[in-house]
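2 protein chains.
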Amino acid sequence: MAGHSLECDDLQLSSPDMERTIGIGMLGAGTVGGTLVARLVGESEAIAAKTGLFFDVRRIGVRDLDRPRPFTVPEGTLTTDLFSVVNDPSVDLVVEVMGGREPAGDLILAALQAGKPVVSANKELIAARGPELIAAAERAGVPLLFEASVGGGIPIIRPLSETLAGERITRVLGIVNGTTNYILTQMSELGESYPDALAAAQELGYAEPDPTADVSGADAAAKAAILSSLAFGTWIGIDDVYHEGIESVDPLDIAFAQEFGYAVKLLAICEQFPHGVSARVHPAMVPIEHPLASIRGATNAVFIEGPSIESLLFAGPGAGGHPTATAVLGDVIDAARETLAGAQVAPRIRFSPGEIVPYEKVSTAWYVRLLVDDRPGVLAKVASAFGDVGVSIRSVWQEGVDAEASLIVVTHRAVEGDQRRAVELIAGLDEVVEVASVIRVLGDAS
Amino acid sequence: MAGHSLECDDLQLSSPDMERTIGIGMLGAGTVGGTLVARLVGESEAIAAKTGLFFDVRRIGVRDLDRPRPFTVPEGTLTTDLFSVVNDPSVDLVVEVMGGREPAGDLILAALQAGKPVVSANKELIAARGPELIAAAERAGVPLLFEASVGGGIPIIRPLSETLAGERITRVLGIVNGTTNYILTQMSELGESYPDALAAAQELGYAEPDPTADVSGADAAAKAAILSSLAFGTWIGIDDVYHEGIESVDPLDIAFAQEFGYAVKLLAICEQFPHGVSARVHPAMVPIEHPLASIRGATNAVFIEGPSIESLLFAGPGAGGHPTATAVLGDVIDAARETLAGAQVAPRIRFSPGEIVPYEKVSTAWYVRLLVDDRPGVLAKVASAFGDVGVSIRSVWQEGVDAEASLIVVTHRAVEGDQRRAVELIAGLDEVVEVASVIRVLGDAS
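Residue numbers (our numbering), protein chains in the order written: chain A, 5 to 450; chain B, 5 to 450.
Here it is in C-alpha cells:
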C-alpha cells in the first residue's frame, strides 16, 4: 500500500481487499520511471477508485542511489542490485523502464521465469529479443506488455494486437520519432538548415546531446520492427529493418516538395506484400492531403490500413515522462487485473513464420535532385539512364539555366535495387555535377 | 469449426487444439452481423494462425429466415427463436449485433447469467442499461465487451478503459456520428442547404430514410454517455446527456464561422468539472487549427485530453459493416482468450458515484446571429441585455445596412441558463426581428 492514508481511504471503497494489492518492482527510475513511481505513490487512491487495484512500489532498482528523484519512498526501497528487485518475494509485478538491451533482457527473463508479469517500455530490447521474451512469458503464463515501447502515450500496441487482431492489415505508416519530426517541422516551416534545426531541438530538450539514435532513424527502426511484427504476425527483428535518417535532408528539397504538394517526413513503413512483409524507415515525401502530412512538431502518429477498417489514425505525444508513464501505468493495471483473475494467460498474438522481403526488392517511387551542366541533351541522357535499368519517369522539372542547373526527376515505383543502379549510372554521366539528393515518395499500399 | 477445410489446415498450425474452438451464437445478422459471420466463416484459418483460436458460428438469431445473407452456414443454424441462441449449450460466446434496447438487453442478461461472455455493438442499450449489464457480467465473472458501440472501427473503448485507466482524463471531444459530419462537410464545402445535403446523404446511403436518430444528435448522445462513463468512471446514462441536432444549422452560419476561423461540427463533449461530470451533444464552432476541424465526410474522431497524455486523436471509419465487424471481431478474440484462460475476469473499469452537472450549469461561449432593424442604439440594447444576466461579450460584427441587418455576437463563457435568459431578453427587444441562430463555441477545457 502506498502510504498511511490508505487505511482510512480504504473504507470508502467497496472492498479494502488486501488480495487486490500488487507489489511493484521497478527497474529504472529516470524520466519515465520516476514519473510513474510519483503517480503510483501520489494517485494511489484515484487509481484504486477507478480500477479496484492498489499498487505498492516495493523495490526500485537504479544505477545511482544519490540522484534526486521526483518521489519519496520508504528507506531501503531503492537499490543498485537490479536482480534483487526481480527476486524480491514481495514484488508481484516488474516494470522495466531502464532501457538498453542488457541487463534489461536478462532481468525480464528472470522475472518471467519467476512467474511475475512484466511491463516494459523498452523498444530496443523488444525489437531485438521479442520472440524469446514473448515465448518466456507464454511458458510462464503471465503477461508481458509493452504499450509504451512505441508512440509514447499513444495507445497503439493494444489496438493493433487486440482490437485489430481479426483484420488483415496491409500497411502501417508511422511518424514514431518526435525529435526528427520536430526538426523536419522547423526546417519546413522556418526554412532552417538541418544543423540549425537540430541545435534548436537540443536547446529545447527535444534532441539528446548525442542525437544519433534519433536522427539516424535507429530509434524509429526499433519501433517499426515492433509495429510490423504485431500488424502482420510475422516477427521482424530490428536488424531486418532498413533505415536511413534525416541528416542529409536539405531545406531546398523540403521547399521543392511543398511546391509539388508534399511534406517531407521520417516515416516508418510496414507493408504486407503478396510474397512477404517489409519494415523500413526513411525520409519520405507524403502527399499534403494525407493525415500524416499535417502531424507537426514532436507529435507522433500511426496510420493503419486494411481492407475492412480502411484507415485509422492515432496521434498524440510520442515521448516524454508523463505520456509514456500513462501508457506504462495502463499496462500495469491490465497485467495486474489479468494476474489477479488467476488465469494462465494466453498470448495476445501468435507469430507465424513468414518471408521478409529484402529491402532491395521493395518498390518505391523516387524524387532525385541533380545538379547538372545546362547543356542540350542532358535530360535525354538522364532519362535513358533510368530507362536502361527499367525505371520509368513520372515527371521532370528543370530549375535554373546557369552553369549549375537543377534537374528534378520523380520516378514511378521501381524496386530499390533498380533505383539505386539508375542513380549510380546518372552520377557517372559527364553532364551531371552531383546527385544532390534522393527522397522516396510515398505511394498507395501495394 | 468453420467448414471442412480445417481438417487439413489444422495440421499446419502449432496445435489443432479442440479446446481452442469457441462456439459463437449471433443475435442479429444484418449489416454488421452478416459481415462478421462471413469473415468468421471465410477467414477462420487466417484468424486461427494469428490468434490460435478457432471460431465456429453455431446459432444465428434473425428476424427473417428468408432474407438473403452474405454467408453460407449449415442448415438449421439460422433461427427466429433468439433465446434458443443464448441457451444453446454449444454456444460459448454470444455476439449481439441486433440493436435496440429490447429484447437485446434481456438476451444479454440471460447469456451473462448462463456464464457466457458477450460482445455487443449496441450503443443504445449500453448507454441505457450499462451499469446493470456490467454488474451482471461481473457477477458471472465473464467479459462484456462493446468496442464497436462507439466509433465503429476506431479502437476507442479499450484505449479509454485500459491504456488510459491511470489517467485523470479531463475532457473527451468526439465526432461520433458520420451521417451528420458528412452533411455538415457538404454544407461547408459546397454551401449546400441542410435539406439538400441531407437528401444527398440519403441518396448515397450515408443517411437513413428516417434520419431522425442521426440528425437529432440522439445517436451521438448514446455514444457520449458511454465515452463519458468510461473516461471519468462516473456512470452517465443516455438520459443524462443533453443533445441538440444539426437540423437548424444554416449554411450562412457555417460561412460566418469559416470567416472567423472556425468549422461547425456536431460534437459530443464529455467534461470533468471540479464539481462533477457532464456529457452533451450539440453543434459547435471548432477552431480551424483544432484536429477535429479537419475531420471530413463520414469519418469519426475522438480527441482525449488529460494532464499526462496532453491530447490524443483517434480517427477512422465510424460506421459501416466492415469496420464495425472488425471491432466486434477484436472483442470476440479478446473475450475468447480471457475465457479460455479460465479466469474469473475482473471488470476493466469500476464506476464510482459522482455528481452529474445539469446542463443549465455548464458554461460555454455562444455565437448568436440576430436579424435586427438597423436603427441607432440596437447594439447598445443587445449588449445591455447580455450584461443584465451577467454574460459578457467578446466580439460583435454587424453585416448589412438595410432594413434587415445581421448582428453577430460572440460571448465569453457563461452558464447555459444565463445564455438562454440573455437570448430570451434579446428576442423580446423591439429592434430585434429574429434570433436567427445560436451555436456554441468550443473553448479550452475547464
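Ideal Cβ placement from N, Cα and C applies to all residues, glycine included.
Taking the beta strand (DSSP E) that residue i belongs to, which residues open and close that run?
| i | result |
| --- | --- |
| B/H286 | G280 to P291 |
| B/R67 | Here B/R67 belongs to no beta strand (DSSP E), and DSSP marks it neither H nor E. |
| B/D377 | S367 to D377 |
| B/I360 | Note, B/I360: premise wrong, no beta strand (DSSP E); not H, not E. |
| A/F277 | Y266 to F277 |
| B/I476 | Residue 476 of chain B cannot be examined here, being either before or after the span of chain B that is shown, 5 to 450. |
Beta carbon of residue i: closer than 7 angstroms to some heavy atom of the ligand GTP?
| i | result |
| --- | --- |
| B/D448 | You won't find the ligand GTP in this model; it holds no ligand whatsoever. |
State the Cα-Cα distance for the pair residue i and residue j, rounded to the nearest angstrom.
| i | j | result |
| --- | --- | --- |
| B/V285 | B/A228 | 7 angstroms |
| A/L10 | A/E49 | Residue placement at A/L10 is poorly supported in this model, since its pLDDT is 31, which falls under 50; the coordinates still yield a value, given next. Each residue's Cα considered, the two are about 7 angstroms apart. |
| A/V439 | A/E428 | 9 angstroms |
| B/V395 | B/L375 | 20 angstroms |
| B/E196 | B/V442 | 19 angstroms |
| B/L111 | B/R105 | 10 angstroms |
| B/L296 | B/G320 | 12 angstroms |
| B/G358 | B/D377 | 48 angstroms |
| A/F260 | A/Y371 | 10 angstroms |
| B/L317 | B/E408 | 43 angstroms |
| B/R417 | B/I337 | 46 angstroms |
| B/I412 | B/Q402 | 6 angstroms |
| B/A42 | B/V101 | 14 angstroms |
| A/Q190 | B/G280 | 41 angstroms |
| A/L446 | A/L129 | 29 angstroms |
| B/A118 | A/R341 | 23 angstroms |
| A/T459 | B/D243 | It is not possible to answer for residue 459 of chain A, since the shown part of chain A is limited to 5 through 450. |
| B/A205 | B/T183 | 7 angstroms |
| A/G134 | A/I230 | 8 angstroms |
| A/M5 | B/T238 | Because A/M5 sits at a pLDDT of 33, beneath the cut-off of 50, its placement in the model cannot be relied upon, and the following sentence gives the value as read from the coordinates. Approximately 24 angstroms, taken between the alpha carbons. |
| B/P20 | B/A52 | In this predicted model, B/P20 has a pLDDT of only 40, less than 50, meaning its place in the structure is not dependable enough to derive any value. |
| B/P136 | A/G241 | Strictly speaking, residue 136 of chain B in this sequence is Glu, with Pro absent from that position. If I take the Cα positions, the gap works out to 46 angstroms. |
| A/E451 | B/L44 | The first residue shown for chain A is 5 and the last is 450, placing residue 451 of chain A beyond what the model contains. |
| A/G404 | A/V382 | 14 angstroms |
| B/V66 | B/V99 | 12 angstroms |
Taking C-alpha atoms, which residue in the options lies nearest to residue i?
| i | options | result |
| --- | --- | --- |
| B/T368 | B/D448, B/G391, B/H294 and B/D392 | B/D448 |
| B/T366 | B/V413, B/D422, B/S312 and B/V400 | The residue you asked about is not Thr; residue 366 of chain B is Val in the sequence shown. B/V366 has its Cα closest to that of B/D422, out of B/V413, B/D422, B/S312 and B/V400. |
| B/Y363 | B/T343, B/A283 and B/V436 | B/A283 |
| B/L69 | B/T83, B/L231, B/G178 and B/A140 | B/T83 |
| A/A217 | A/P72, A/S312 and A/K127 | A/K127 |
| B/S124 | B/D257, B/A339 and B/L57 | B/A339 |
| A/G156 | A/N181, A/L137, A/I138 and A/R133 | A/N181 |
| A/V154 | A/V361, A/R425 and A/A323 | A/A323 |
| B/M30 | B/R425, B/S192 and B/L97 | B/L97 |
| B/R62 | B/L256, B/K269 and B/E79 | B/E79 |
| B/A389 | B/V245, B/D434 and B/G209 | B/D434 |
| A/E207 | A/A224, A/A225, A/I187 and A/E193 | A/I187 |
Is DSSP giving residue i helix, strand or coil here?
| i | result |
| --- | --- |
| A/F260 | helix |
| B/D214 | coil |
| A/A339 | helix |
| A/E47 | coil |
| B/G421 | helix |
| B/M30 | strand |
| B/D434 | coil |
| B/H247 | strand |
| A/G119 | coil |
| A/A125 | coil |
| B/L316 | strand |
| A/F87 | helix |
| A/E142 | helix |
Considering just the uninterrupted stretch of the alpha helix (DSSP H) at residue i, what are its terminal residues?
| i | result |
| --- | --- |
| A/Y198 | Y198 to E207 |
| A/N185 | G182 to L194 |
| A/F390 | V382 to D392 |
| B/F307 | No alpha helix (DSSP H) holds B/F307; the beta strand (DSSP E) holding it covers T303 to G310. |
| B/S233 | A222 to F236 |
Assess, as a yes-or-no matter, whether the segment 248-263 of chain B is touched by the segment 328-336 of chain B under the definition of 3 or more beta carbon pairs within less than 8 angstroms. no
Taking three-plus beta-carbon pairs below 8 angstroms as touching, is the segment 130-147 of chain B in contact with the segment 158-170 of chain B? no
Measuring CB atoms only, is the segment 265-280 of chain A touching the segment 172-188 of chain A, in the sense that at least three cross pairs come out at less than 8 angstroms? yes
Do the segment 54-74 of chain B and the segment 30-45 of chain B meet, that is, are 3 or more Cβ pairs less than 8 angstroms apart? yes
With three or more beta-carbon pairs closer than 8 angstroms as the criterion, would you say the segment 88-103 of chain A touches the segment 296-309 of chain A? no
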